[in-house]
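K.L.:
Dumping the structure here so I can ask a few things about it.
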Amino acid sequence: MKILYFAWVREAVGKPEEDLNLPEGVASVSDLVAWLKQQDTGYETAFANNAAVRVAVNQEYVDLDHGISNGDEIAFFPPVTGG
Amino acid sequence: MKILYFAWVREAVGKPEEDLNLPEGVASVSDLVAWLKQQDTGYETAFANNAAVRVAVNQEYVDLDHGISNGDEIAFFPPVTGG
Amino acid sequence: MIRVQAVDFDLGDELKKMTDGNTGIGGLCSFVGLVRDMANDERISAMTLEHYPGMTEKALAEIEKQAHSRWNLDETLIIHRYGRLEPGEQIVLVAAASAHRGAAFEACHFLIDWLKTKAPFWKLEDTPGGGKWVDARTSDDEAVSRWNKLN
Amino acid sequence: MIRVQAVDFDLGDELKKMTDGNTGIGGLCSFVGLVRDMANDERISAMTLEHYPGMTEKALAEIEKQAHSRWNLDETLIIHRYGRLEPGEQIVLVAAASAHRGAAFEACHFLIDWLKTKAPFWKLEDTPGGGKWVDARTSDDEAVSRWNKLN
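Going line by line, the protein sequences match chains A, B, C and D.
Taking our numbering as reference, the numbering of the first sequence is continuous, increasing by one, and the terminal residue is 161.
Taking our numbering as reference, the numbering of the second sequence is continuous, increasing by one, and the terminal residue is 161.
Taking our numbering as reference, the numbering of the third sequence is continuous, increasing by one, and the terminal residue is 220.
Taking our numbering as reference, the numbering of the fourth sequence is continuous, increasing by one, and the terminal residue is 220.
Spelled out as structure tokens, the structure:
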């Protein structure tokens, strides 16, 4: 699966995107966040406050308990500020 | 004083404006309307329904009981429909 | 700024002039009214706008002043045409520029609602059945009344 | 129509194209968002807009679709820029054309309110203290919530 990061989430993680095989035991977005936070302090910073981060799976907004699978495009970003 | 007529009020009266000396006993807009209606059937048509006509004295909207004097510019017209 | 004129106006130029050189403006809201080819199921071949020179300018200036007293605005613009206009032609432009979009939107909406019930313009429509004076609409009175409540 | 682009747009041309040839349109409401030179009492020298290519277009298309399902509209337009923009530059244009002014105003206001909370754009401001990501505003959430009530 492909993971994308935008704005300050991207800066905290240190990269705009990465490809990943669905890790063992990861079935939802929140599972993925928990798993990422164990990999590197950048993710810990990015996901220090889940309420500050929005998630899209396959370019649709979803909640943290949304299920994910290997072909998905998952994006993490702050609340939007365009317009 | 100067009297102006617009839109269908103008068409009913048959002229866009006229100059008039304040007639004897005319102190308000409604006095003037009553006086005009005695002069010609065109005015009777124009003022058949007072609720359908708006009045401005010196280019400000006023009510029918508004006082008038000889130097005034008085305008009669339908509710506005611009924009 | 207010303008009452027979000639057409260039929408892009007019809007551009409102924001040029003022980098404090965050939002510009505008509304253009156009002549429709239909009204009350009748075909309109043209429209003639009559107005009350002198009072028109006073009424528009007062409407603009009211908008500035109610919202924090950098610029406002009202252009209203008169004379004969064909379907598709521009009748009126109102616009408001502000630091914030809420003020720009509300002021622009206010300008056109007030103009429609206060500015001395009258529309005569050319229909297959002859010239017809447009009736004032109750919905326009209702539209303006919501601004009165905010007084 | 929706467009996501780095280059500037010509406001007058874009609006004119929306009404050209359609004499059923009675009103065109538009809103342009511009880069301000100040934010939170800090001077802004420039702004960089990041977005999520792919999702941005989907979100804007959905916003436009929502507007057409709620109001009777002849045309809608959303143009949003990305990349580096300086104070005074145009960021976004939303516009709605309809037979009636009420629908044009409401739809236009709806488009920008929804865009501000749904379209994946993020602003990075260049301030004297360095680059700062703009925080989402509670007032934007409130602005969009009034449209949800109308569902």
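The beta carbon of each residue, even a glycine, is placed where N, CA and C say it ideally should be.
1. Between residue 136 (chain D) and the rest of its own chain, which residues show a CB-CB distance below 7 Å, the 5 nearest in sequence each way excluded?
2. Between the C-alpha atoms of residue 111 (chain C) and residue 160 (chain B), what's the straight-line distance to the nearest angstrom?
3. Can you pull the chain D neighbours of residue 116 (chain C), defined as C-beta to C-beta under 7 Å?
4. Nearest to residue 193 (chain C) by alpha carbon, out of C:133, C:214, C:119?
5. What is the rounded straight-line gap between the Cα of residue 103 (chain D) and the Cα of residue 98 (chain B)?
6. Is the shortest distance between the beta-carbon of residue 220 (chain C) and the beta-carbons of chain D less than 9 Å?
7. Please report the residue range of the beta strand (DSSP E) in which residue 86 (chain C) lies.
8. Considering only the beta carbon of each residue, do residue 153 (chain B) and residue 124 (chain B) sit closer than 9 Å?
9. With 16 as the cutoff for other CB atoms within 10 Å, does residue 147 (chain A) come out buried or exposed?
10. Where does residue 220 (chain D) sit, in a helix, a strand or coil, going by DSSP?
11. For a cutoff of 9 Å on Cβ pairs, would you count residue 161 (chain A) as touching chain D?
12. At the 9 Å Cβ level, is residue 154 (chain C) part of the contact set with chain B, yes or no?
13. Return the CA-CA distance between residue 123 (chain C) and residue 190 (chain C), expressed in angstroms with no decimal places.
14. When the cut-off is 9 Å and only beta carbons count, does residue 138 (chain A) lie next to chain D?
15. Can you pull out the residues from the region 78-106 of chain C whose beta carbon lies closer than 7 Å to at least one beta carbon of chain D?
16. Taking C-alpha atoms, which residue in C:182, C:108, C:184 lies nearest to residue 94 (chain D)?
17. Need the endpoints of the alpha helix (DSSP H) that residue 146 (chain A) sits in, please.
18. So residue 198 (chain C) contacts chain D; which residues on that side make the cut at Cβ distance below 7 Å?
19. So residue 147 (chain C) packs on residue 132 (chain C), CB below 8 Å; how close in whole Å?
20. List the residues of chain D that residue 158 (chain A) touches, going by C-beta distances under 8 Å, in chain order.
21. Since I believe residue 105 (chain D) is in contact with residue 168 (chain C) (beta carbons under 8 Å), could you give me their beta-carbon distance rounded to a whole number of angstroms?
P.N.:
On the basis of the data shown:
1. Only 142, 145, 165, 176, 179, 180 meet the Cβ criterion.
2. 19 Å
3. The contacting residues do not exist; residue 116 (chain C) stays about 11 Å from chain D at best.
4. C:119
5. 55 Å
6. For residue 220 (chain C), the predicted model reports a pLDDT of 46, less than 50, meaning its position is unreliable; a value from the coordinates is still stated below. Closer than 9 Å: no.
7. Residue 86 (chain C) -> not in any beta strand (DSSP E); alpha helix (DSSP H) instead, spanning 80-88.
8. no
9. Label assigned to residue 147 (chain A): exposed.
10. Per-residue confidence for residue 220 (chain D) stands at a pLDDT of 47, beneath the threshold of 50, marking its modelled position as unreliable; no derived number is given.
11. yes
12. no
13. Answer to the nearest angstrom: the Cα atoms are 12 Å apart.
14. yes
15. 79, 80, 81, 82, 84, 85, 88, 92, 93, 94, 95, 96, 97, 98, 99, 100, 101, 102, 103, 105, 106
16. C:108
17. Looking at the DSSP string, residue 146 (chain A) is not in any alpha helix (DSSP H), and its letter there is neither H nor E.
18. Residues of chain D passing the Cβ test: none, with the nearest at roughly 19 Å.
19. Approximately 7 Å separates the beta-carbon atoms of residue 147 (chain C) and residue 132 (chain C); this is inside 8 Å, confirming the contact.
20. 185, 186, 187, 188, 189, 190, 191, 205
21. 7 Å
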